[in-house]
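Right, one structure below, let's go through it.
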Amino acid sequence: SAKVIDGKLVAKQVREEIAVEVTKMKDVIGIVPGLAVILVGSRKDSQTYVRNKKKACEAVGIKSYEVNLPEDSSEEEVIQHIASFNSDPSVHGILVQLPLPRHMNDENVLNAVSIEKDVDGFHPLNIGRLAMQGRDPFFVPCTPKGCMELLHRYGVEIKGKRAVVIGRSNIVGMPAALLLQKANATVSIVHSQTKNPEEITRQADIIIAAVGVANLVRGNWIKPGAAIIDVGINPVDDPESPRGYRLVGDVCYEEASKVAGAITPVPGGVGPMTIAMLLSNTLESAKRIHNFK
Ligand code: NAD
47 SAKVIDGKLV AKQVREEIAV EVTKMKDVIG IVPGLAVILV GSRKDSQTYV RNKKKACEAV
107 GIKSYEVNLP EDSSEEEVIQ HIASFNSDPS VHGILVQLPL PRHMNDENVL NAVSIEKDVD
167 GFHPLNIGRL AMQGRDPFFV PCTPKGCMEL LHRYGVEIKG KRAVVIGRSN IVGMPAALLL
227 QKANATVSIV HSQTKNPEEI TRQADIIIAA VGVANLVRGN WIKPGAAIID VGINPVDDPE
287 SPRGYRLVGD VCYEEASKVA GAITPVPGGV GPMTIAMLLS NTLESAKRIH NFK
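The numbering used here puts the first residue of the sequence shown at 47, with every later residue one more than the last.
So, in structure tokens, the structure goes:
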């Protein structure tokens, strides 16, 4: 049966490596990496994400700056805060927690973040550079970057292999496909309009699933020995759980783990990698801005 790709363990290793580098940077040049997080409104889930990001920063010695704006703030106010972080030398990364309130235009807001501090990697110029041959973005979006890090750390060969990404969202599927292509895989993208997706996924040496449909990918969708990265986080009813539900991925783990060569569990796979990659992007930014090798 498949080797388990332990994202929780890798994320911990990554955080430890970051903590060492943060300390070194502080000792050698007296600079502490800083991450600014802008939250608009009071969505409970967004508040939790922001709190977790802050805690993760503290644990590795990255300084975090938080701005909390009321739901009825104007787009201009948000952009003003971004502008002041853009020019603040103690801030190396700026993150706008999504979703923004409905009256704001995401694109206007995200475009205001300096591409050199865009640690989420969502600025169109960073996405554009990710798509271009011979160019590199300043930052790669955290979740797909975490997927690639797992493949690398588990020694999964990518060059020349067939990869299938299921899902084409701006934050996961599309950048994951671009990254696999940059790593010299031959990439297909399966999405909601794809006919007979299983015929395509069966050819894949590597599958990244980012759909949001519980257990969509069955055992017979998978080529024996393939590496499976399951990004999906889907609640399903579970009367035996104290919360009444449990979380499962987009891949039917029970079936897939009998066929695949390696697979990420849900939870404990890609999930913990996302914040680790945000810390990694923030450190990388501080190193680049201060020319610290
Ligand atoms: P999204 O809703 O923005 O995009 C889903 C994509 O799946 C779309 O491109 C759509 O075309 C495709 N799709 C929908 N139904 C399909 C089907 N039946 N077959 C094939 N493709 C189909 O979602 P997202 O933001 O990319 O997130 C996807 C999943 O990953 C969700 O479960 C989300 O909770 C999870 N997620 C996890 C992390 C993390 O681990 N840190 C981060 C982001 C998202």
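All residues carry an ideal CB built from backbone N, CA and C; glycine is no exception.
Buried versus exposed, by CB contacts within 10 Å (16 or more), residue i
i, result
"residue 143", "buried"
"residue 129", "exposed"
"residue 91", "exposed"
"residue 172", "buried"
"residue 334", "exposed"
"residue 163", "buried"
"residue 76", "exposed"
Pick from the options that is closest to residue i, judged by C-alpha positions
i, options, result
"residue 331", "166, 121, 241 and 195", "166"
"residue 98", "155, 294, 317 and 335", "317"
"residue 299", "65, 217 and 263", "263"
"residue 321", "244, 102 and 75", "102"
"residue 199", "333, 334 and 319", "319"
"residue 61", "335, 106 and 181", "106"
"residue 188", "171, 225, 181 and 49", "225"
"residue 245", "212, 273 and 261", "212"
"residue 312", "120, 280 and 238", "280"
"residue 310", "328, 221, 327 and 192", "192"
"residue 186", "337, 327, 338 and 215", "327"
"residue 100", "333, 324, 338 and 337", "324"
"residue 148", "157, 119 and 180", "119"
"residue 232", "171, 278, 72 and 252", "252"
"residue 256", "221, 70 and 90", "221"
"residue 228", "121, 182 and 242", "182"
"residue 114", "295, 94 and 104", "94"
"residue 195", "249, 254 and 335", "254"
"residue 267", "230, 250 and 214", "250"
"residue 230", "258, 236, 215 and 179", "179"
"residue 343", "177, 295 and 146", "This structure cannot speak to residue 343, because the chain is shown only from 47 to 339."
"residue 314", "57, 47, 64 and 104", "57"
"residue 151", "49, 121, 50 and 161", "121"
Residue i versus residue j: straight-line alpha-carbon distance, rounded
i, j, result
"residue 137", "residue 131", "6 Å"
"residue 297", "residue 271", "15 Å"
"residue 342", "residue 240", "This structure leaves residue 342 out entirely; the chain is present only between 47 and 339."
"residue 175", "residue 168", "11 Å"
"residue 190", "residue 158", "23 Å"
"residue 67", "residue 54", "20 Å"
"residue 202", "residue 269", "15 Å"
"residue 242", "residue 308", "24 Å"
"residue 283", "residue 127", "41 Å"
"residue 116", "residue 125", "14 Å"
"residue 123", "residue 74", "37 Å"
"residue 259", "residue 70", "43 Å"
"residue 72", "residue 135", "15 Å"
"residue 237", "residue 214", "6 Å"
"residue 285", "residue 295", "18 Å"
"residue 350", "residue 156", "Residue 350 is absent from the model: the chain starts at 47 and stops at 339."
"residue 64", "residue 104", "12 Å"
"residue 219", "residue 141", "20 Å"
"residue 52", "residue 223", "22 Å"
"residue 47", "residue 278", "21 Å"
"residue 197", "residue 177", "20 Å"
"residue 59", "residue 248", "32 Å"
"residue 329", "residue 338", "10 Å"
"residue 96", "residue 216", "20 Å"
"residue 160", "residue 153", "13 Å"
Residue i beta carbon near the ligand NAD (any heavy atom closer than 6 Å)
i, result
"residue 320", "yes"
"residue 303", "no"
"residue 274", "no"
"residue 336", "no"
"residue 237", "yes"
"residue 310", "no"
"residue 94", "no"
"residue 77", "no"
"residue 250", "no"
"residue 258", "yes"
"residue 316", "yes"
"residue 247", "no"
"residue 212", "yes"
"residue 278", "yes"
"residue 189", "yes"
beta-carbon residue i near the ligand COA non-hydrogen atom, thresh 6 Å
i, result
"residue 217", "Ligands in the displayed structure: the ligand NAD; the ligand COA is not one of them."
The region 78-85 in contact with the region 107-114 per 3-pair CB rule at 8 Å: These segments touch.
The region 273-288 touching the region 303-313, judged by at least three CB pairs closer than 8 Å: Flag = yes, the region 273-288 and the region 303-313 touch.
Cβ contact (3+ pairs, closer than 8 Å) linking the region 200-208 and the region 287-297: No, the region 200-208 does not touch the region 287-297.
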